[in-house]
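Just so we're aligned, residue 66 is where the sequence shown starts under the numbering used here, counting upward by one. Just so it is clear, CB atoms sit at the ideal spot from N, CA and C, and this is done for glycine as well. The block underneath contains the structure these notes are about, expressed in structure tokens.
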Amino acid sequence: MNKKLPYRIIVFLLFTGLIFETRAQVSSSIKASVDKSKILIGEPLVLTLEASFPATLKTNFFDIDSIAHFEFLKPAQIDSFGEASSKGIKAIYTLTSFDSGHWVIPAFVLSPKVKSDTIPVDVVFSDFNPDQNYHDIKDIIEIKPKKEKDWLWYAIAATVVVLLLIYFLLRKKKQPAKATQPALNAYDNAMKQLNLLQKERLQSKEYYTRLIDIFRLYVLQKKDILSLQKTTDDLVRQLKLVVKEKETYDRLQQSLQLSDFVKFAKYKPTAEDDNMAFNTIKKTIQHIEQLP
Numbered sequence: 066m067n068k069k070l071p072y073r074i075i076v077f078l079l080f081t082g083l084i085f086e087t088r089a090q091v092s093s094s095i096k097a098s099v100d101k102s103k104i105l106i107g108e109p110l111v112l113t114l115e116a117s118f119p120a121t122l123k124t125n126f127f128d129i130d131s132i133a134h135f136e137f138l139k140p141a142q143i144d145s146f147g148e149a150s151s152k153g154i155k156a157i158y159t160l161t162s163f164d165s166g167h168w169v170i171p172a173f174v175l176s177p178k179v180k181s182d183t184i185p186v187d188v189v190f191s192d193f194n195p196d197q198n199y200h201d202i203k204d205i206i207e208i209k210p211k212k213e214k215d216w217l218w219y220a221i222a223a224t225v226v227v228l229l230l231i232y233f234l235l236r237k238k239k240q241p242a243k244a245t246q247p248a249l250n251a252y253d254n255a256m257k258q259l260n261l262l263q264k265e266r267l268q269s270k271e272y273y274t275r276l277i278d279i280f281r282l283y284v285l286q287k288k289d290i291l292s293l294q295k296t297t298d299d300l301v302r303q304l305k306l307v308v309k310e311k312e313t314y315d316r317l318q319q320s321l322q323l324s325d326f327v328k329f330a331k332y333k334p335t336a337e338d339d340n341m342a343f344n345t346i347k348k349t350i351q352h353i354e355q356l357p
């Protein structure tokens, strides 16, 4: 029997074990990272751990409940994935720190020879700007409680506002007031006013204003046409339905337009113009009066 055979068997077994151990180490890895290396006191910090290892390897390194100088803000989010021979785990932790300084998150150990790098994190106060104005600490301001009477005044004011809104919304639109009937009828009153106007010596602008006003008032009283509010053009168009005689209508239109020119100082009338306008208004009133 070969005396070297037992030694060869022992060497083979040691070499085979070394190969399996090396493969286990090669197939295992762990990585740790943070979303920022510098935070303000109380600011959230996200720590991410990613590990892959053989499915046969049992580890509880994800059961992290404390890290020196840091606090956990919420439970970890852990996802696992893998196949029959390998396994992967990703864990996300949300941390913060209320201790200012330069701190180090320690390495996370998956196996004696597989661990993550340490991570330095600076925890600082907010930056100080010497150029900003200094604001001294103010005393606490005492707030006087509102009195019950204040609520009463608010209730009264709200009630008044609601009532006013209801009043304006429900109020009926006022109808235009009809002209008060004079003692004389419309025709007699118009003839009387024309006779008075003919006896007075008025300036051209006032004369034509009075002349046309007498006619407008007559039309309002006789035909219920709101002539006092209408422009000359609107009144002329509406009177076309009343004054059927073309010659009378054309002269009336000319006299009304002449009146506008005189009132707006665009034309200086002659005595002949005054007589023509007067006679036209008078004859038109007489014509309308004879209509059924």
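Legend entry - Complete runs of the beta strand (DSSP E) confined to the region 133–164 [at least 3 residues]: 136–147 and 151–161
Legend entry - Backbone CA spacing between residue 313 and residue 348 [nearest angstrom]: 8 angstroms
Inset, instruction - Provide the residue span of the alpha helix (DSSP H) that contains residue 97, from first to last. - result: Element bounds for residue 97: not the alpha helix (DSSP H) but the beta strand (DSSP E), 94–99.
Inset, instruction - Report yes if the C-beta distance between residue 105 and residue 190 is below 8 angstroms; otherwise report no. - result: yes
Inset, instruction - In angstroms with no decimal places, state the Cα-to-Cα distance between residue 265 and residue 340. - result: 14 angstroms
Legend entry - Cα-Cα separation, residue 288 to residue 268: 30 angstroms
Legend entry - CA nearest to the CA of residue 188, picked from 93, 227, 133 and 158: 133
Legend entry - Counterpart residues of residue 187 in DSSP-defined beta bridges: 103 and 167
Inset, instruction - Given a cut-off of 8 angstroms, decide if residue 98 and residue 176 are closer than it, judged by their beta-carbon atoms. - result: no
Legend entry - Which listed residue (222, 354 and 154) has its alpha carbon closest to that of residue 250: 354
Legend entry - C-alpha gap between residue 100 and residue 155, whole angstroms: Distance between residue 100 and residue 155, taken at the CA atoms: about 15 angstroms.
Inset, instruction - Look at the alpha carbon of residue 330 and the alpha carbon of residue 352, and state the distance between them as a whole number of angstroms. - result: 30 angstroms
Legend entry - As assigned by DSSP and simplified to three states, the class of residue 280: Three-state DSSP puts residue 280 in a helix.
Inset, instruction - Report the three-state DSSP secondary structure of residue 347 (helix, strand or coil). - result: Note: residue 347 maps to helix in three-state DSSP.
Legend entry - Beta-carbon proximity of residue 350 to residue 276, cut-off 8 angstroms: no
Inset, instruction - Counting only runs of 4+ residues fully inside the region 286–316, write out the alpha helix (DSSP H) ranges in chain order. - result: List check, alpha helix (DSSP H) in window: 297–304.
Inset, instruction - Note down the Cα distance separating residue 337 from residue 231, rounded to an integer number of angstroms. - result: 60 angstroms
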